[in-house]
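Following our numbering from start to finish, the sequence shown increments by one per residue and tops out at 1724. In what follows, a structure is listed as C-alpha coordinates, so that the remarks can point back to it.
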Amino acid sequence: MKRYATTRIDHLQIAIPAGGEGAARAFYGTLLGLRELPKPAELAVRGGLWFRSASIALHLGVDPDFRPARKAHVALACADYDGVLARLAAAGVSATPDDLPFEGRAHGYVADPFGNRVELIDDTPLAANDDAAEATIVAVATPPGQGAIAVVRLSGSRARTIALRLTGAAALPPRQATRVALVDEVGRPLDDALALYFPAPHSATGEDVVELHVHGAPVLAREVVRAAIACGARQAGPGEFTRRAFLGGKLDLDGVGAVGDLIAAETASAARAALANLGGALRARVADLRAALREPLERLAAAIDFPDEVEEPPRAPLAALLSELEDELMRLQRDGEAGRLLREGVSLAIVGPPNAGKSSLLNALLGEERAIVSNIPGTTRDSIEERFVIDGVAVRAIDTAGIRAHADPLEAMGIERSLRAFESARVLVLVFDASVPLSAHAEELLARSEGRTRIVFFNKADLGTSARREVSGISLCGSVRWPQSLQELRAAIARAGWGGTQPDLERAHLAFGEEFDAVARALEALRSARAALAADEALDLVGNDLRLIDAALAHLSLATASEEMLDGIFARFCIGK
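Below you can see the structure in the form of C-alpha coordinates.
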(Lines of atoms letter the chains of each structure in order from A and count residues from 1; the text may use other names and numbers.)
(Lines give C-alpha, C1' and ligand atoms only; values in the text may rest on other atoms or scores of the structure.)
Protein backbone atom coordinates (compact mmCIF):
# COMPACT_ATOMS: atom_id res chain seq x y z
CA MET A 1 0.00 0.00 0.00
CA LYS A 2 1.33 3.48 -0.91
CA ARG A 3 2.36 5.75 1.89
CA TYR A 4 0.69 9.16 1.95
CA ALA A 5 3.02 11.88 0.72
CA THR A 6 1.77 14.58 3.11
CA THR A 7 3.52 12.92 6.04
CA ARG A 8 6.91 12.74 4.38
CA ILE A 9 7.62 16.49 4.32
CA ASP A 10 10.99 17.13 5.89
CA HIS A 11 10.34 20.60 7.28
CA LEU A 12 7.32 22.86 7.66
CA GLN A 13 6.75 26.07 9.49
CA ILE A 14 3.64 27.25 11.33
CA ALA A 15 3.29 30.78 12.63
CA ILE A 16 2.35 31.42 16.24
CA PRO A 17 1.79 34.77 17.97
CA ALA A 18 4.34 36.37 20.24
CA GLY A 19 4.24 34.90 23.74
CA GLY A 20 2.60 31.72 22.52
CA GLU A 21 5.51 29.35 23.17
CA GLY A 22 4.04 27.91 26.40
CA ALA A 23 0.65 27.11 24.87
CA ALA A 24 2.35 25.69 21.77
CA ARG A 25 4.60 23.47 23.88
CA ALA A 26 1.59 22.13 25.82
CA PHE A 27 -0.42 21.41 22.67
CA TYR A 28 2.19 20.06 20.28
CA GLY A 29 4.48 18.47 22.85
CA THR A 30 2.12 17.16 25.55
CA LEU A 31 -1.14 16.50 23.68
CA LEU A 32 0.15 15.55 20.23
CA GLY A 33 3.22 13.79 21.61
CA LEU A 34 5.79 15.49 19.37
CA ARG A 35 9.42 15.58 20.53
CA GLU A 36 10.84 19.06 21.12
CA LEU A 37 14.29 19.60 19.61
CA PRO A 38 17.00 22.17 20.24
CA LYS A 39 16.90 24.90 17.63
CA PRO A 40 19.42 24.41 14.82
CA ALA A 41 22.27 26.92 15.29
CA GLU A 42 21.79 28.47 11.87
CA LEU A 43 18.12 29.13 12.67
CA ALA A 44 18.39 30.05 16.33
CA VAL A 45 18.07 33.73 15.56
CA ARG A 46 14.61 33.11 14.12
CA GLY A 47 13.13 32.16 17.53
CA GLY A 48 10.11 29.89 18.09
CA LEU A 49 10.04 26.15 18.79
CA TRP A 50 11.17 23.04 16.93
CA PHE A 51 9.39 19.67 17.12
CA ARG A 52 9.92 16.35 15.43
CA SER A 53 7.51 13.49 14.67
CA ALA A 54 8.09 10.32 12.69
CA SER A 55 6.93 12.12 9.59
CA ILE A 56 7.87 15.75 9.83
CA ALA A 57 10.07 18.44 11.35
CA LEU A 58 7.87 21.28 12.51
CA HIS A 59 9.05 24.83 13.18
CA LEU A 60 6.67 27.04 15.14
CA GLY A 61 7.87 30.50 14.23
CA VAL A 62 6.89 33.66 16.08
CA ASP A 63 5.08 36.14 13.82
CA PRO A 64 4.21 39.60 15.23
CA ASP A 65 1.57 39.96 12.49
CA PHE A 66 0.14 36.49 13.23
CA ARG A 67 -3.02 35.34 11.46
CA PRO A 68 -4.21 31.70 11.95
CA ALA A 69 -4.18 29.28 9.03
CA ARG A 70 -7.83 28.29 8.75
CA LYS A 71 -7.18 25.51 6.27
CA ALA A 72 -5.16 22.37 7.12
CA HIS A 73 -1.69 23.86 7.32
CA VAL A 74 0.10 20.66 8.29
CA ALA A 75 -0.65 16.93 8.38
CA LEU A 76 0.87 14.92 11.23
CA ALA A 77 1.19 11.13 11.24
CA CYS A 78 0.29 9.80 14.69
CA ALA A 79 1.66 6.40 15.69
CA ASP A 80 -0.61 6.55 18.78
CA TYR A 81 -3.64 8.03 17.03
CA ASP A 82 -6.21 6.83 19.59
CA GLY A 83 -4.00 7.98 22.45
CA VAL A 84 -3.65 11.44 20.90
CA LEU A 85 -7.42 11.75 20.48
CA ALA A 86 -7.97 10.57 24.05
CA ARG A 87 -5.51 13.18 25.40
CA LEU A 88 -7.15 15.92 23.35
CA ALA A 89 -10.60 14.91 24.63
CA ALA A 90 -9.36 14.86 28.24
CA ALA A 91 -8.00 18.38 27.75
CA GLY A 92 -11.32 19.58 26.34
CA VAL A 93 -10.00 19.97 22.79
CA SER A 94 -12.42 18.68 20.19
CA ALA A 95 -11.26 16.82 17.07
CA THR A 96 -13.44 16.49 13.98
CA PRO A 97 -13.15 13.10 12.24
CA ASP A 98 -13.28 12.83 8.48
CA ASP A 99 -15.91 10.25 7.44
CA LEU A 100 -13.83 9.05 4.50
CA PRO A 101 -10.61 7.20 5.43
CA PHE A 102 -7.42 8.62 3.92
CA GLU A 103 -5.94 5.74 1.88
CA GLY A 104 -7.44 3.27 4.34
CA ARG A 105 -6.49 5.31 7.41
CA ALA A 106 -8.63 7.21 9.90
CA HIS A 107 -7.94 10.93 10.07
CA GLY A 108 -9.43 14.11 11.41
CA TYR A 109 -8.84 17.79 12.12
CA VAL A 110 -8.11 19.83 15.22
CA ALA A 111 -7.35 23.52 15.88
CA ASP A 112 -4.28 24.43 17.89
CA PRO A 113 -4.57 27.10 20.65
CA PHE A 114 -4.02 29.82 18.06
CA GLY A 115 -6.60 28.68 15.50
CA ASN A 116 -4.23 26.90 13.11
CA ARG A 117 -5.95 23.85 11.62
CA VAL A 118 -3.93 20.63 11.94
CA GLU A 119 -4.72 17.32 10.24
CA LEU A 120 -4.04 14.16 12.27
CA ILE A 121 -3.59 10.87 10.40
CA ASP A 122 -3.50 7.43 11.99
CA ASP A 123 -0.01 6.04 11.37
CA THR A 124 -0.60 2.53 12.73
CA PRO A 125 1.58 0.28 10.51
CA LEU A 126 -0.29 -1.17 7.57
CA ALA A 127 0.61 -4.31 5.70
CA ALA A 128 3.31 -3.94 3.08
CA ASN A 129 1.01 -5.06 0.27
CA ASP A 130 -2.65 -5.10 -0.63
CA ASP A 131 -3.02 -8.85 -0.09
CA ALA A 132 -2.07 -8.56 3.57
CA ALA A 133 -4.23 -5.48 4.00
CA GLU A 134 -7.21 -7.42 2.63
CA ALA A 135 -6.75 -10.06 5.32
CA THR A 136 -9.05 -8.25 7.77
CA ILE A 137 -11.89 -10.68 8.36
CA VAL A 138 -15.45 -10.26 9.55
CA ALA A 139 -18.23 -12.60 10.66
CA VAL A 140 -21.21 -12.86 12.97
CA ALA A 141 -19.87 -14.38 16.19
CA THR A 142 -23.21 -15.24 17.79
CA PRO A 143 -25.43 -18.23 16.88
CA PRO A 144 -27.93 -17.94 14.01
CA GLY A 145 -31.46 -16.84 14.83
CA GLN A 146 -33.12 -13.98 16.65
CA GLY A 147 -31.92 -12.85 20.07
CA ALA A 148 -31.36 -9.85 22.27
CA ILE A 149 -28.04 -8.99 20.64
CA ALA A 150 -25.82 -10.17 17.83
CA VAL A 151 -22.05 -9.67 17.78
CA VAL A 152 -20.17 -8.91 14.57
CA ARG A 153 -16.43 -9.43 14.96
CA LEU A 154 -13.60 -7.98 12.87
CA SER A 155 -9.93 -8.94 13.12
CA GLY A 156 -6.95 -7.68 11.16
CA SER A 157 -4.85 -4.63 10.42
CA ARG A 158 -7.84 -2.63 9.10
CA ALA A 159 -10.39 -3.68 11.73
CA ARG A 160 -10.32 -0.35 13.57
CA THR A 161 -10.28 1.72 10.38
CA ILE A 162 -13.33 -0.12 9.04
CA ALA A 163 -15.09 0.17 12.40
CA LEU A 164 -14.44 3.93 12.51
CA ARG A 165 -15.97 4.30 9.08
CA LEU A 166 -19.05 2.25 10.06
CA THR A 167 -19.51 4.04 13.38
CA GLY A 168 -18.51 7.59 12.47
CA ALA A 169 -16.67 7.76 15.79
CA ALA A 170 -13.67 10.01 16.19
CA ALA A 171 -11.95 7.28 18.18
CA LEU A 172 -12.65 3.97 19.87
CA PRO A 173 -11.02 3.84 23.31
CA PRO A 174 -9.34 0.47 23.85
CA ARG A 175 -11.31 -2.11 25.85
CA GLN A 176 -14.24 0.22 26.53
CA ALA A 177 -17.80 -0.14 25.31
CA THR A 178 -18.61 2.88 23.15
CA ARG A 179 -22.14 3.67 22.07
CA VAL A 180 -22.18 4.40 18.34
CA ALA A 181 -24.61 5.16 15.54
CA LEU A 182 -23.84 2.38 13.09
CA VAL A 183 -24.04 3.20 9.37
CA ASP A 184 -23.32 1.27 6.21
CA GLU A 185 -20.57 2.00 3.70
CA VAL A 186 -22.48 4.94 2.15
CA GLY A 187 -23.66 6.42 5.44
CA ARG A 188 -27.19 4.98 5.69
CA PRO A 189 -28.22 4.33 9.33
CA LEU A 190 -28.14 0.70 10.47
CA ASP A 191 -28.47 0.54 14.25
CA ASP A 192 -27.79 2.07 17.65
CA ALA A 193 -24.96 -0.19 18.76
CA LEU A 194 -21.97 -0.73 21.03
CA ALA A 195 -18.39 -0.99 19.74
CA LEU A 196 -15.46 -2.52 21.60
CA TYR A 197 -11.91 -2.14 20.31
CA PHE A 198 -9.08 -4.47 21.37
CA PRO A 199 -5.78 -3.23 19.90
CA ALA A 200 -3.02 -5.64 18.92
CA PRO A 201 -1.35 -7.50 20.46
CA HIS A 202 -3.69 -7.50 23.47
CA SER A 203 -6.64 -9.21 21.81
CA ALA A 204 -8.00 -12.71 21.31
CA THR A 205 -6.28 -13.10 17.93
CA GLY A 206 -3.21 -10.94 18.58
CA GLU A 207 -4.45 -8.58 15.84
CA ASP A 208 -6.62 -5.49 16.08
CA VAL A 209 -10.09 -6.77 16.96
CA VAL A 210 -13.37 -4.86 16.97
CA GLU A 211 -16.69 -6.23 18.17
CA LEU A 212 -19.92 -4.51 17.13
CA HIS A 213 -22.86 -5.39 19.39
CA VAL A 214 -26.11 -4.81 17.50
CA HIS A 215 -29.73 -5.72 18.09
CA GLY A 216 -30.27 -9.41 17.43
CA ALA A 217 -32.16 -9.41 14.13
CA PRO A 218 -30.32 -11.79 11.75
CA VAL A 219 -30.89 -9.46 8.79
CA LEU A 220 -29.28 -6.59 10.71
CA ALA A 221 -26.18 -8.62 11.58
CA ARG A 222 -25.88 -9.68 7.93
CA GLU A 223 -26.13 -6.05 6.82
CA VAL A 224 -23.30 -5.05 9.16
CA VAL A 225 -21.14 -7.86 7.75
CA ARG A 226 -22.00 -6.79 4.19
CA ALA A 227 -21.09 -3.17 4.96
CA ALA A 228 -17.77 -4.23 6.52
CA ILE A 229 -16.97 -6.28 3.42
CA ALA A 230 -17.82 -3.27 1.26
CA CYS A 231 -15.27 -1.29 3.32
CA GLY A 232 -12.49 -3.78 2.64
CA ALA A 233 -12.95 -6.76 4.96
CA ARG A 234 -13.64 -10.28 3.77
CA GLN A 235 -15.89 -13.00 5.12
CA ALA A 236 -14.10 -15.17 7.69
CA GLY A 237 -13.84 -18.91 7.14
CA PRO A 238 -14.76 -21.59 9.70
CA GLY A 239 -12.62 -21.19 12.81
CA GLU A 240 -10.49 -18.47 11.24
CA PHE A 241 -10.49 -16.24 14.32
CA THR A 242 -9.24 -19.12 16.46
CA ARG A 243 -6.75 -20.07 13.75
CA ARG A 244 -5.31 -16.56 13.86
CA ALA A 245 -5.11 -16.81 17.65
CA PHE A 246 -3.06 -20.00 17.22
CA LEU A 247 -0.80 -18.51 14.54
CA GLY A 248 -0.36 -15.40 16.69
CA GLY A 249 0.77 -17.44 19.68
CA LYS A 250 -2.33 -16.80 21.77
CA LEU A 251 -3.31 -20.49 21.89
CA ASP A 252 -1.43 -23.76 21.56
CA LEU A 253 -2.93 -26.79 19.81
CA ASP A 254 -4.46 -28.07 23.04
CA GLY A 255 -6.08 -24.70 23.57
CA VAL A 256 -7.45 -24.76 20.02
CA GLY A 257 -8.96 -28.19 20.63
CA ALA A 258 -10.37 -27.01 23.95
CA VAL A 259 -12.07 -24.03 22.29
CA GLY A 260 -13.69 -26.33 19.73
CA ASP A 261 -14.77 -28.78 22.42
CA LEU A 262 -16.14 -25.98 24.59
CA ILE A 263 -18.28 -24.66 21.73
CA ALA A 264 -19.55 -28.15 20.86
CA ALA A 265 -20.15 -29.24 24.48
CA GLU A 266 -23.61 -30.75 24.96
CA THR A 267 -23.34 -31.33 28.70
CA ALA A 268 -21.94 -29.41 31.65
CA SER A 269 -19.40 -32.20 32.16
CA ALA A 270 -18.15 -31.88 28.58
CA ALA A 271 -17.76 -28.10 29.05
CA ARG A 272 -15.78 -28.56 32.27
CA ALA A 273 -13.54 -31.16 30.65
CA ALA A 274 -12.83 -28.82 27.72
CA LEU A 275 -12.02 -26.02 30.14
CA ALA A 276 -9.38 -28.22 31.80
CA ASN A 277 -7.40 -28.22 28.54
CA LEU A 278 -7.76 -24.51 27.85
CA GLY A 279 -5.13 -23.35 30.31
CA GLY A 280 -2.23 -25.48 29.01
CA ALA A 281 -2.49 -28.20 31.69
CA LEU A 282 -1.75 -30.98 29.19
CA ARG A 283 1.43 -29.22 28.09
CA ALA A 284 2.47 -29.00 31.75
CA ARG A 285 1.88 -32.74 32.25
CA VAL A 286 3.99 -33.53 29.19
CA ALA A 287 6.74 -31.14 30.34
CA ASP A 288 6.93 -33.01 33.65
CA LEU A 289 7.34 -36.33 31.84
CA ARG A 290 10.11 -34.96 29.61
CA ALA A 291 11.85 -33.40 32.60
CA ALA A 292 11.91 -36.80 34.32
CA LEU A 293 13.62 -38.25 31.21
CA ARG A 294 16.22 -35.50 30.91
CA GLU A 295 18.70 -36.70 33.55
CA PRO A 296 18.88 -40.38 32.46
CA LEU A 297 19.16 -39.27 28.82
CA GLU A 298 22.07 -36.96 29.64
CA ARG A 299 23.83 -39.55 31.82
CA LEU A 300 23.42 -42.28 29.19
CA ALA A 301 24.74 -39.99 26.45
CA ALA A 302 27.76 -39.08 28.57
CA ALA A 303 28.44 -42.72 29.49
CA ILE A 304 28.27 -43.77 25.83
CA ASP A 305 30.46 -40.90 24.58
CA PHE A 306 32.98 -41.01 27.45
CA PRO A 307 32.95 -44.60 28.79
CA ASP A 308 36.32 -44.22 30.54
CA GLU A 309 35.27 -41.12 32.45
CA VAL A 310 31.53 -41.46 33.12
CA GLU A 311 29.92 -44.48 34.74
CA GLU A 312 26.71 -45.97 33.41
CA PRO A 313 23.64 -44.97 35.43
CA PRO A 314 22.40 -47.74 37.75
CA ARG A 315 19.76 -49.90 36.11
CA ALA A 316 17.37 -50.35 39.07
CA PRO A 317 16.47 -46.65 39.47
CA LEU A 318 16.15 -46.36 35.69
CA ALA A 319 13.77 -49.34 35.60
CA ALA A 320 11.72 -47.79 38.42
CA LEU A 321 11.54 -44.48 36.53
CA LEU A 322 10.37 -46.21 33.35
CA SER A 323 7.68 -48.03 35.33
CA GLU A 324 6.41 -44.71 36.70
CA LEU A 325 6.46 -43.16 33.22
CA GLU A 326 4.49 -46.08 31.82
CA ASP A 327 1.85 -45.63 34.52
CA GLU A 328 1.59 -41.93 33.71
CA LEU A 329 1.37 -42.50 29.95
CA MET A 330 -1.36 -45.10 30.45
CA ARG A 331 -3.17 -42.59 32.68
CA LEU A 332 -2.89 -40.07 29.83
CA GLN A 333 -4.50 -42.60 27.52
CA ARG A 334 -7.33 -43.28 29.97
CA ASP A 335 -7.91 -39.58 30.54
CA GLY A 336 -7.91 -39.09 26.77
CA GLU A 337 -10.56 -41.77 26.34
CA ALA A 338 -12.61 -40.13 29.10
CA GLY A 339 -12.29 -36.79 27.31
CA ARG A 340 -13.34 -38.36 24.02
CA LEU A 341 -16.28 -39.96 25.80
CA LEU A 342 -17.41 -36.60 27.17
CA ARG A 343 -16.94 -34.91 23.79
CA GLU A 344 -18.61 -37.51 21.62
CA GLY A 345 -20.91 -39.35 24.01
CA VAL A 346 -21.70 -43.06 23.84
CA SER A 347 -23.58 -44.61 20.93
CA LEU A 348 -26.21 -47.07 22.13
CA ALA A 349 -28.42 -49.20 19.87
CA ILE A 350 -31.70 -50.60 21.21
CA VAL A 351 -32.35 -53.75 19.19
CA GLY A 352 -34.57 -56.78 19.44
CA PRO A 353 -37.57 -58.55 17.89
CA PRO A 354 -40.80 -56.68 17.15
CA ASN A 355 -43.07 -55.87 20.11
CA ALA A 356 -40.35 -56.43 22.70
CA GLY A 357 -40.77 -52.89 24.09
CA LYS A 358 -37.83 -51.10 22.43
CA SER A 359 -39.71 -47.87 21.72
CA SER A 360 -41.28 -47.93 25.18
CA LEU A 361 -37.79 -48.23 26.64
CA LEU A 362 -36.52 -45.23 24.63
CA ASN A 363 -39.52 -43.16 25.74
CA ALA A 364 -38.96 -44.15 29.37
CA LEU A 365 -35.25 -43.25 29.24
CA LEU A 366 -36.04 -39.89 27.63
CA GLY A 367 -38.99 -39.16 29.91
CA GLU A 368 -41.17 -38.25 26.95
CA GLU A 369 -43.24 -39.90 24.22
CA ARG A 370 -40.69 -39.69 21.41
CA ALA A 371 -41.41 -42.96 19.59
CA ILE A 372 -44.84 -44.30 18.61
CA VAL A 373 -45.80 -47.34 20.67
CA SER A 374 -48.40 -49.95 19.72
CA ASN A 375 -48.97 -53.70 20.03
CA ILE A 376 -48.89 -54.07 16.25
CA PRO A 377 -45.61 -55.71 15.14
CA GLY A 378 -43.51 -53.52 12.83
CA THR A 379 -44.76 -50.15 14.16
CA THR A 380 -41.22 -48.73 14.15
CA ARG A 381 -40.03 -48.73 10.55
CA ASP A 382 -37.13 -46.33 10.79
CA SER A 383 -34.32 -45.62 13.25
CA ILE A 384 -34.99 -42.85 15.79
CA GLU A 385 -31.97 -41.20 17.42
CA GLU A 386 -32.20 -39.16 20.63
CA ARG A 387 -29.80 -38.08 23.38
CA PHE A 388 -30.02 -38.23 27.13
CA VAL A 389 -27.44 -37.79 29.87
CA ILE A 390 -26.17 -40.26 32.48
CA ASP A 391 -23.52 -39.15 34.98
CA GLY A 392 -22.75 -36.13 32.83
CA VAL A 393 -22.11 -38.28 29.73
CA ALA A 394 -24.28 -37.87 26.62
CA VAL A 395 -25.81 -41.13 25.42
CA ARG A 396 -26.87 -41.26 21.76
CA ALA A 397 -29.65 -43.82 21.81
CA ILE A 398 -31.00 -45.31 18.57
CA ASP A 399 -34.36 -47.05 18.63
CA THR A 400 -34.39 -49.51 15.75
CA ALA A 401 -37.02 -51.41 13.82
CA GLY A 402 -37.82 -54.88 15.13
CA ILE A 403 -35.74 -57.56 13.40
CA ARG A 404 -37.70 -60.40 11.80
CA ALA A 405 -37.72 -62.35 8.56
CA HIS A 406 -41.12 -61.68 7.04
CA ALA A 407 -41.47 -57.98 6.45
CA ASP A 408 -42.89 -55.74 3.73
CA PRO A 409 -40.43 -53.66 1.64
CA LEU A 410 -40.69 -50.54 3.84
CA GLU A 411 -40.18 -52.48 7.05
CA ALA A 412 -37.28 -54.36 5.43
CA MET A 413 -35.53 -51.02 4.82
CA GLY A 414 -35.94 -50.20 8.50
CA ILE A 415 -34.54 -53.59 9.49
CA GLU A 416 -31.50 -52.98 7.28
CA ARG A 417 -30.86 -49.73 9.18
CA SER A 418 -31.30 -51.61 12.45
CA LEU A 419 -28.54 -54.03 11.46
CA ARG A 420 -26.22 -51.12 10.59
CA ALA A 421 -26.86 -49.54 14.01
CA PHE A 422 -26.28 -52.97 15.59
CA GLU A 423 -22.84 -53.18 13.98
CA SER A 424 -21.68 -49.61 14.70
CA ALA A 425 -22.94 -48.94 18.24
CA ARG A 426 -20.51 -48.95 21.16
CA VAL A 427 -23.11 -50.44 23.51
CA LEU A 428 -25.97 -52.74 22.57
CA VAL A 429 -29.19 -53.03 24.54
CA LEU A 430 -30.95 -56.25 23.48
CA VAL A 431 -34.63 -56.08 24.46
CA PHE A 432 -36.62 -59.31 24.66
CA ASP A 433 -40.14 -60.08 25.84
CA ALA A 434 -39.58 -62.08 29.04
CA SER A 435 -43.17 -63.37 29.07
CA VAL A 436 -42.84 -65.49 25.91
CA PRO A 437 -40.19 -67.95 24.69
CA LEU A 438 -37.36 -66.42 22.68
CA SER A 439 -37.84 -66.58 18.92
CA ALA A 440 -35.24 -67.83 16.47
CA HIS A 441 -34.39 -64.22 15.61
CA ALA A 442 -33.87 -63.41 19.28
CA GLU A 443 -31.52 -66.38 19.59
CA GLU A 444 -29.67 -65.19 16.50
CA LEU A 445 -29.24 -61.68 18.01
CA LEU A 446 -27.82 -63.21 21.19
CA ALA A 447 -25.34 -65.23 19.15
CA ARG A 448 -24.33 -62.32 16.89
CA SER A 449 -23.74 -60.00 19.84
CA GLU A 450 -21.58 -62.48 21.76
CA GLY A 451 -18.32 -60.76 22.71
CA ARG A 452 -19.78 -57.26 22.17
CA THR A 453 -20.40 -54.73 24.95
CA ARG A 454 -24.05 -55.44 25.59
CA ILE A 455 -26.92 -55.29 28.05
CA VAL A 456 -29.58 -57.99 27.74
CA PHE A 457 -32.89 -56.67 29.08
CA PHE A 458 -35.72 -59.14 29.57
CA ASN A 459 -38.68 -56.76 29.45
CA LYS A 460 -42.35 -57.20 30.37
CA ALA A 461 -41.56 -59.08 33.57
CA ASP A 462 -44.90 -57.78 34.83
CA LEU A 463 -46.49 -60.25 32.38
CA GLY A 464 -44.19 -63.20 33.10
CA THR A 465 -40.53 -64.30 33.10
CA SER A 466 -40.56 -67.62 31.25
CA ALA A 467 -37.93 -66.45 28.73
CA ARG A 468 -35.41 -65.28 31.30
CA ARG A 469 -32.12 -67.18 31.39
CA GLU A 470 -28.45 -66.68 32.14
CA VAL A 471 -26.49 -64.96 29.37
CA SER A 472 -23.01 -63.46 29.13
CA GLY A 473 -22.55 -59.76 29.78
CA ILE A 474 -24.93 -57.61 31.80
CA SER A 475 -28.37 -59.16 32.15
CA LEU A 476 -31.45 -57.52 33.68
CA CYS A 477 -35.06 -58.58 34.06
CA GLY A 478 -37.81 -56.07 34.71
CA SER A 479 -40.26 -53.76 33.00
CA VAL A 480 -40.04 -50.33 31.43
CA ARG A 481 -43.06 -49.53 33.59
CA TRP A 482 -41.04 -49.99 36.79
CA PRO A 483 -38.88 -47.06 37.96
CA GLN A 484 -36.48 -49.50 39.64
CA SER A 485 -35.87 -51.22 36.29
CA LEU A 486 -35.06 -47.88 34.66
CA GLN A 487 -32.59 -47.03 37.43
CA GLU A 488 -30.92 -50.40 36.97
CA LEU A 489 -30.77 -49.90 33.22
CA ARG A 490 -29.19 -46.45 33.53
CA ALA A 491 -26.58 -47.85 35.92
CA ALA A 492 -25.95 -50.74 33.53
CA ILE A 493 -25.47 -48.32 30.59
CA ALA A 494 -22.92 -46.36 32.67
CA ARG A 495 -21.12 -49.59 33.60
CA ALA A 496 -21.04 -50.85 30.01
CA GLY A 497 -20.23 -47.48 28.43
CA TRP A 498 -17.52 -46.12 30.71
CA GLY A 499 -16.99 -48.53 33.56
CA GLY A 500 -19.55 -46.87 35.80
CA THR A 501 -17.02 -44.43 37.28
CA GLN A 502 -17.46 -40.68 37.00
CA PRO A 503 -14.83 -39.26 34.58
CA ASP A 504 -12.35 -36.83 36.19
CA LEU A 505 -13.37 -33.49 34.73
CA GLU A 506 -10.43 -31.53 36.13
CA ARG A 507 -7.58 -33.47 34.49
CA ALA A 508 -6.11 -32.33 31.18
CA HIS A 509 -6.54 -34.94 28.46
CA LEU A 510 -5.58 -35.84 24.90
CA ALA A 511 -7.82 -34.24 22.30
CA PHE A 512 -6.52 -35.08 18.79
CA GLY A 513 -5.81 -38.35 17.03
CA GLU A 514 -2.20 -37.24 16.55
CA GLU A 515 -1.83 -36.94 20.32
CA PHE A 516 -3.17 -40.45 20.89
CA ASP A 517 -0.70 -41.71 18.26
CA ALA A 518 2.20 -39.91 19.99
CA VAL A 519 1.37 -41.50 23.34
CA ALA A 520 1.09 -44.93 21.70
CA ARG A 521 4.55 -44.47 20.13
CA ALA A 522 5.98 -43.35 23.48
CA LEU A 523 4.52 -46.43 25.20
CA GLU A 524 5.90 -48.74 22.53
CA ALA A 525 9.42 -47.31 22.92
CA LEU A 526 9.11 -47.34 26.72
CA ARG A 527 8.16 -51.01 26.81
CA SER A 528 11.04 -51.79 24.50
CA ALA A 529 13.40 -49.98 26.91
CA ARG A 530 12.02 -51.90 29.87
CA ALA A 531 12.45 -55.19 28.02
CA ALA A 532 16.07 -54.27 27.15
CA LEU A 533 16.77 -53.47 30.79
CA ALA A 534 15.19 -56.74 31.96
CA ALA A 535 17.31 -58.68 29.43
CA ASP A 536 20.46 -56.87 30.64
CA GLU A 537 21.15 -55.54 27.15
CA ALA A 538 23.59 -52.72 26.40
CA LEU A 539 22.49 -49.35 27.68
CA ASP A 540 23.02 -47.68 24.31
CA LEU A 541 19.96 -49.63 23.10
CA VAL A 542 18.01 -48.33 26.08
CA GLY A 543 19.26 -44.81 25.32
CA ASN A 544 17.90 -45.03 21.79
CA ASP A 545 14.46 -46.03 23.14
CA LEU A 546 14.54 -43.14 25.62
CA ARG A 547 15.22 -40.72 22.77
CA LEU A 548 12.23 -42.16 20.89
CA ILE A 549 10.07 -41.62 24.00
CA ASP A 550 11.24 -38.02 24.27
CA ALA A 551 10.61 -37.39 20.56
CA ALA A 552 7.07 -38.76 20.84
CA LEU A 553 6.36 -36.62 23.89
CA ALA A 554 7.80 -33.58 22.12
CA HIS A 555 5.12 -34.05 19.48
CA LEU A 556 2.50 -33.52 22.20
CA SER A 557 3.85 -30.07 23.02
CA LEU A 558 4.35 -28.78 19.49
CA ALA A 559 3.44 -25.14 18.99
CA THR A 560 3.28 -25.60 15.21
CA ALA A 561 1.36 -27.86 12.88
CA SER A 562 1.09 -28.57 9.18
CA GLU A 563 -1.47 -26.74 7.09
CA GLU A 564 -3.23 -30.05 6.42
CA MET A 565 -3.52 -30.74 10.15
CA LEU A 566 -4.77 -27.21 10.84
CA ASP A 567 -7.35 -27.49 8.05
CA GLY A 568 -8.67 -30.67 9.64
CA ILE A 569 -8.82 -29.11 13.10
CA PHE A 570 -10.57 -25.90 12.08
CA ALA A 571 -13.00 -27.55 9.66
CA ARG A 572 -15.22 -28.47 12.62
CA PHE A 573 -15.38 -24.86 13.88
CA CYS A 574 -18.25 -22.52 13.13
CA ILE A 575 -17.82 -19.31 11.14
CA GLY A 576 -17.28 -16.42 13.53
CA LYS A 577 -15.12 -18.38 15.99
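From the three backbone atoms N, C-alpha and C, an ideal C-beta is built for every residue, glycine too. This structure is a prediction, so every number in the text was calculated from the model and none was measured.
Within its own chain, the residues whose Cβ lies closer than 7 Å to the Cβ of D1697, once the five positions on either side in sequence are excluded, are R1437, L1440 and L1444, listed in chain order.
Each of V1536, V1603 and D1683 was checked against the Cα of T1414, and the nearest Cα belongs to V1536. Under DSSP, N1606 forms a beta bridge with D1580.
Listed in chain order, the non-local C-beta contacts of S1571 below 6 Å within the same chain number zero, local neighbours out to five positions each way being set aside. Taking all protein chains shown into account, I1545 has 16 or more neighbouring C-beta atoms within 10 Å of its C-beta and is therefore buried.
Assignment of beta-bridge partners to E1266 by DSSP yields A1222 and Y1256. Between I1602 and G1625, the C-beta spacing is not below 8 Å.
With a cut-off of 8 Å on Cβ pairs, the segment 1665 to 1684 is in contact with the segment 1462 to 1481, counting three or more such pairs.
DSSP places H1362 in the strand class (E or B) of the three-state scheme. Residue range P1336 to F1345 is occupied by the beta strand (DSSP E) that includes Y1344. Only exposed fits S1241, as fewer than 16 other CB atoms lie within 10 angstroms of its CB. The three-state reading of DSSP puts V1457 in coil, since its state is none of H, G, I, E or B. Of the residues assessed, H1254 falls on the buried side of the cut-off, its CB having 16 or more other CB atoms within 10 angstroms.
Between V1330 and P1336, the C-beta spacing is below 8 Å.
The shortest CA-to-CA distance from K1607 to any of D1259, Q1631 and G1504 is the one to G1504.
Residue range E1168 to A1171 is occupied by the alpha helix (DSSP H) that includes E1168. The three-state reading of DSSP puts F1535 in strand, counting E and B together.
Rounded to whole angstroms, V1327 and G1180 show a C-alpha spacing of 27 Å.
Our two residues, G1230 and P1260, have alpha carbons roughly 19 Å apart in a direct line. Annotation: G1294 to Y1256 spans about 39 Å, alpha carbon to alpha carbon. Residue range K1505 to L1513 is occupied by the alpha helix (DSSP H) that includes S1506. Non-local beta-carbon contacts of E1358 in its own chain, meaning distances under 6 Å to residues more than five positions away in sequence, involve V1298, R1300 and L1343 in chain order. In this chain, the alpha helix (DSSP H) harbouring R1490 covers R1462 to E1491.
At a Cβ-Cβ threshold of 8 Å, T1600 and R1573 count as neighbours. Only exposed fits F1453, as fewer than 16 other CB atoms lie within 10 angstroms of its CB. Under the Cβ criterion (8 Å, minimum of three pairs), the segment 1345 to 1354 does not count as touching the segment 1362 to 1379. L1670 is a Cβ neighbour of L1476, given a cutoff of 8 Å. Residue state for S1302 is assigned as strand, using DSSP reduced to three classes.
Note on geometry: alpha-carbon atoms of L1657 and E1459 lie some 35 Å from one another. In the three-state DSSP reduction, L1657 falls in the coil class, being neither helix nor strand.
Just so you know, the alpha carbons of I1640 and N1691 end up roughly 44 Å apart.
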